[in-house]
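Quick note, the sequences are listed as chains A and B, same order.
Counted the way the working numbering counts, the first sequence spans residues 22 to 593.
Counted the way the working numbering counts, the second sequence spans residues 22 to 593.
The block underneath contains the structure these notes are about, expressed in structure tokens.
Number of protein chains: 2
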Amino acid sequence: MSLKILVIGGVALGPKAAARAKRLMPEADITMIDQGTYISYGGCGIPYYVGGDVAQMDGLRTTNAGVVRDEAFFMNNKGVKAICHTRALSINRKDKTVLVENTQTGEQSSMPYDKLVIATGSSPRIPPIPGNDLKNVTSVTCLEAAQAIQQQCAASKINHAVIIGAGFIGLEMAVALADMWGIKVTVIEMMDQVLPAQLCTNYAQMAKHDLEELGVTVLTSESVKELKGDENGAVCQVVTNKRVIDADQVIFSIGVTPNSQIAADAGLLCHPRGGIMVNSHLQTSDPDIYAGGDVIVTRNLISGDFAYLPLGSMANRQGRVIGTNIVGGQATFEGVVGSWCVKLNQMHATGAGLTLRQAKAAGFDAVEVSVEAADKAHFYPDHTNTSLNVVVDKKSQRVLGIQGMSADGSAVKARTDAVAAMLQIGRPTINDLSNLEVCYAPPFASAMDVVNTVGNVADNLVRGQHNVITPDEFVELWDNRAENGYLFVDFRPAAAGKPIEERHPGEYLSLPLEDLRERQGEIPTDRPVALVCNTGTRAYEAQLMLREIGIEAVNSAGGFISLRKRGDDVKF
Amino acid sequence: MSLKILVIGGVALGPKAAARAKRLMPEADITMIDQGTYISYGGCGIPYYVGGDVAQMDGLRTTNAGVVRDEAFFMNNKGVKAICHTRALSINRKDKTVLVENTQTGEQSSMPYDKLVIATGSSPRIPPIPGNDLKNVTSVTCLEAAQAIQQQCAASKINHAVIIGAGFIGLEMAVALADMWGIKVTVIEMMDQVLPAQLCTNYAQMAKHDLEELGVTVLTSESVKELKGDENGAVCQVVTNKRVIDADQVIFSIGVTPNSQIAADAGLLCHPRGGIMVNSHLQTSDPDIYAGGDVIVTRNLISGDFAYLPLGSMANRQGRVIGTNIVGGQATFEGVVGSWCVKLNQMHATGAGLTLRQAKAAGFDAVEVSVEAADKAHFYPDHTNTSLNVVVDKKSQRVLGIQGMSADGSAVKARTDAVAAMLQIGRPTINDLSNLEVCYAPPFASAMDVVNTVGNVADNLVRGQHNVITPDEFVELWDNRAENGYLFVDFRPAAAGKPIEERHPGEYLSLPLEDLRERQGEIPTDRPVALVCNTGTRAYEAQLMLREIGIEAVNSAGGFISLRKRGDDVKF
């Protein structure tokens, strides 16, 4: 008798696992159930559908040959029996059956399996605040919600949207609504920065500034207390701990929780905070039951900790591993390094591994350093500056994480992916980063690529050679210059620095690097000194020269390019 | 007394090593000599200067702040004494001196050192053929030669240029001359493909086609026997083993040889074919002498063999390692994976690790497989197709190399860099490639990225699941269809396949994948069958379905997208 495989969930991992298993074992009897109307869709594309980049909602559920992936498609093209409107209620592991319910008729039945795949995904978190069930309050993780919002936008029914949570979906939706539809958008984040689990504080400020350039209001360290409704039961105000904001649309994007209750109820090992535990074959504690995608807890390959990483790309790769293993294969999924990327307004942010906060929380003696460098040979036309921030362990010189920010998304993704690949397969050190052999030709990169440069600067930092501060710290010194008495020295060409010196005499000195050896007497020895240039490189050379004459100054990482990306250049 | 460091060579590695050493040890006495007029220039940018992307020759030797890197720059900004027009004649290791000659006056003198850096680079290979010294016969590795050619172009003095050697510089120069100046260009390559040491045969055909689209003539498997001159001693004809070609400019680009004779003469260990041998600290067999860049032989991290990889990026990274170590540091350079990239006409080619030929020569039981996939989510606008070819060892499933080809250079570089990073730090397997955690969001990648896909297809290949042939093989089957009796089945939508079927009845069948289950009876069992679709994916699914009914067919990797990139689609 043929192997009976039942897959619960038909969005990302489920279809992948089912189709892969069928290809490897054509005689297998494979059924995939889903509680919704739509299956096998690209949920990650929702903000791009709302924002108009994807013209039709069906674009998110068609193959690249233009065929809609519905039940008939799965039967004809994949040999998989897909059944929609069918919710799994419970798993009976002794009988090897799943009790299911037709969501349209309420009818219940029992479905047998030899091997079961749990691909139930996740549900958006809804904050437990008054008014969270008002009209025009929603989250956007399913196609129906996406379509509803898109139609509201197209009908000009939204004037002011408030997005609660500055994670990926929150920021993508903010851009979609503000850019495409010109809607007034406010993003509210409880933590002290956007993308708090992903970005260093410096790049979070760049991301915030980039959104503000589009007219989006970003409020951090602010929490929503209540949503107030109008006479029709529709939301009209958002009340935070700091203010009241008028709003006719509220979108929750404060993360998701794994739909693992059905597994826990069946006695499968789950993490105390939710999420099914699996081994590296993506098998649950019952060897006949596999799980993957948004419903599982996996391992962070850098910290060794449990990790919850609900991403469509994870679901796809894990789906293939399950499809292979469920029919007797031996594919493995060892864990995650947590690579990610997001398109903002003009900027693109990326990352992999641990942030400084996460690294410290995991017990590393971590520091971070950031650079600005051209993504192509500087003599080649059309290059952009890439910001890269690396997190390293001081003692072992191990590379723990990287974050990037650039107007050129592909360029910053390339550097991040290379580091992610190293983090996935080994324990890279700063030396590995300095020598990372990325492809080189002038139209693609500098001979010393930005990813090598950030390794070099990290090396200089951990050896105590480079006395570097973050742009946050530099701006704080500048803001408090009346009290701290710092002199700020600018090593860019005079055309850039002199006008600032003229605005701030006695506080700011323009001193092009070429002139430093003869003008070094102008740098005082009796007050603290902070250095800046365009990218941080020239000021580093100046720092070394000043050290020779007994002056120890701090250098602002990323120089004025970083300050400009943060919107802080206007302060000078 | 301060440490006396002497650096021979001032182009790429020399300046980097000197400046780094000075930064780490400000009290060091560092001198850098060079036989030429120009130092610290980006030689890799020469084709872009000739082709007009870099407006001024000095653009190749200025900092990104616009300062020319000459002797004064090195003294003022770097604290390094740079001396041009000074050639090193011999090294006296006992006395620790170098005998040098002023190339303008002929005056000789002796320069002492405590630590010596040999950064003498390489020289272009000149084929030993009659006429190789005629006027307008040159190579383009120095700025003077580049300027001469650029001036000839600007004065419209070149009508037909012949480029001998289809390596990086040859192809970049071909594009520069044909694209910017509209010059008739012929490239002659002795081997049977362009970029023979870098590209798989399939992508070499794509590269050739891409150059032909620009009007460049590419002749492979052809060797130059003689250059003939006119009455003024200028070249006028190129004689090959197959034809005579009129030409008023000839450029040699058949590689370079290391300038290691001075090291060999001093008794330093050198490779029999040239190139200084160094340890992982880039120390020669004399611990007081370091060497790097184009003059050394390093190690291939994948094959373990000796490797000669003269690239500007190598020189820069190695220069930093030498600068660190020469003042007592412990940086290492373990070897190379051989990553590279080149911009052609509309296409960009990239690679890392071993080609199939190289892998077989190194003793691996290697196979390769190629895919075509979108570099962004297929529903996202503006994606391009990336071609990726992976070379794997069948038995160990180890990944040995990757090559890429795409109209989007950054996209294909990103995937190649990620694999290069894995090759550099570990021994990645196919499973690692399938699970490679590259950053994902729809504007950047597909949920199952092309780099994962090529891993998946390699997995299917080595398991015998996917019966795949290269486009070369597919085209050969098509060309010989009268003899071999193959039926070709096209699984794309009928709009794409039907017109071909109508042109070739009985030989070509249009059968959209969706219709296969009901029309499978149309596939004959008594003649061989070859399958094709747009990318290879649908035809793979068809292959599995046909296998169920006892028909074993071959599938053309990369489908019609590959055929189109090769210029072979017009044959159908």
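C-beta: ideal position from N, C-alpha, C; glycine also.
None of these values were measured; they are calculated from a predicted model.
If the criterion is Cβ atoms closer than 7 angstroms, does the pair residue i and residue j meet it?
| i | j | result |
| --- | --- | --- |
| A462(B) | V277(A) | no |
| G630(B) | F465(A) | Shown here, chain B extends from 22 to 593; a query on residue 630(B) therefore has no answer. |
| K25(B) | D55(B) | no |
| D81(A) | G63(A) | At residue 81(A) the sequence reads Leu, which differs from the Asp that was named. Against a cut-off of 7 angstroms, the Cβ pair of G63(A) and L81(A) comes out as a contact. |
| G425(B) | V433(B) | yes |
| V550(A) | A574(A) | yes |
| V390(B) | L482(B) | yes |
| I139(A) | V316(A) | yes |
| L235(A) | N406(A) | no |
| D598(B) | S531(B) | There is no way to answer for residue 598(B), as the model of chain B reaches only from 22 to 593. |
| A442(B) | M469(A) | no |
| P492(A) | S583(A) | yes |
| N321(B) | S143(B) | no |
| L164(B) | Y69(B) | no |
Give the secondary structure of residue i by DSSP, where H, G and I count as helix, E and B as strand, and everything else as coil.
| i | result |
| --- | --- |
| N123(A) | strand |
| A373(B) | strand |
| S274(B) | coil |
| S583(A) | helix |
| F509(B) | strand |
| G333(B) | helix |
| P533(B) | coil |
| H181(B) | strand |
| Y561(A) | helix |
| M596(A) | This structure does not reach residue 596(A), given that chain A is present from 22 up to 593, and the question cannot be answered. |
| L457(B) | coil |
| L81(A) | helix |
| K381(B) | helix |
| V245(B) | strand |
| C554(B) | coil |
| D200(A) | helix |
| A103(A) | strand |
| T450(B) | strand |
| M22(A) | coil |
What does DSSP give as the partner residues of residue i in its beta bridges?
| i | result |
| --- | --- |
| F602(B) | What the structure shows of chain B is the stretch from 22 to 593, and residue 602(B) is not part of that stretch, so it cannot be assessed. |
| Q129(A) | E122(A) |
| C163(B) | Per DSSP, none; premise fails for C163(B). |
| R108(B) | E122(B) |
Tell me which residues of the stretch 67-78 of chain A have at least one Cβ-Cβ distance to chain B shorter than 7 angstroms, keeping chain order. Y69, D74 and V75
Near-chain A residues of the stretch 357-368 of chain B - C-beta to any C-beta below 9 angstroms: V357, V358, G359, S360, W361, C362, V363 and K364
For the structure I just gave you, are there three or more beta carbon pairs, one from the stretch 117-135 of chain B and one from the stretch 335-344 of chain B, closer than 8 angstroms? no
So, does the stretch 32-46 of chain A touch the stretch 341-354 of chain A, judging by three or more C-beta pairs under 8 angstroms? yes
Pull out every residue of the stretch 433-444 of chain A whose Cβ sits closer than 8 angstroms to any Cβ of chain B, in chain order. K434, A435, R436, T437, D438, A439, V440, A441, A442 and M443
State whether the stretch 265-274 of chain A contacts the stretch 168-182 of chain A, with contact taken as three or more CB pairs (one from each stretch) at a distance under 8 angstroms. yes
Does the contact criterion of 3 or more C-beta pairs under 8 angstroms hold for the stretch 287-296 of chain A versus the stretch 107-125 of chain A? yes
Residues of the stretch 337-358 of chain A whose Cβ lies closer than 7 angstroms to any Cβ of chain B, in chain order: N337, R338, R341, A352, T353, F354, V357 and V358
Three-pair Cβ contact test at 8 angstroms for the stretch 216-234 of chain A versus the stretch 244-254 of chain A: no
Can you list, in chain order, the residues of the stretch 308-331 of chain B whose Cβ is nearer than 7 angstroms to any Cβ on chain A? none
Any 3 or more C-beta pairs closer than 8 angstroms across the stretch 372-379 of chain B and the stretch 64-80 of chain B: no
Within 8 angstroms, do at least three Cβ pairs link the stretch 289-303 of chain A to the stretch 89-108 of chain A? no
Taking any Cβ of chain A, which residues in the stretch 226-239 of chain B have a Cβ under 9 angstroms from it, in chain order? none
Okay, do the stretch 551-570 of chain B and the stretch 196-204 of chain B touch, 3+ Cβ pairs below 8 angstroms being the bar? no
Measuring CB atoms only, is the stretch 172-183 of chain B touching the stretch 293-301 of chain B, in the sense that at least three cross pairs come out at less than 8 angstroms? no
Could you name the residues of the stretch 550-569 of chain B whose beta carbon sits closer than 9 angstroms to any beta carbon of chain A, in the order they occur along the chain? C554, N555, T556, T558, R559, Y561, E562, L565, M566, R568 and E569
Quick check: the stretch 207-217 of chain A against the stretch 182-196 of chain A, are there 3 or more CB pairs under 8 angstroms? yes
Got a sec: which bits of the stretch 572-588 of chain B sit with their beta carbon under 8 angstroms from any beta carbon on chain A, in order along the chain? none
If the cut-off is 8 angstroms on Cβ atoms, which residues from the stretch 41-53 of chain B count as contacting chain A, listed in chain order? R44, L45 and P47
When you check each C-beta in the stretch 453-486 of chain B against every C-beta of chain A, which residues fall closer than 9 angstroms? D453, S455, N456, L457, E458, V459, C460, Y461, A462, P463, P464, F465, A466, S467, A468, M469, D470, V472, N473, N477, D480, N481, R484 and Q486
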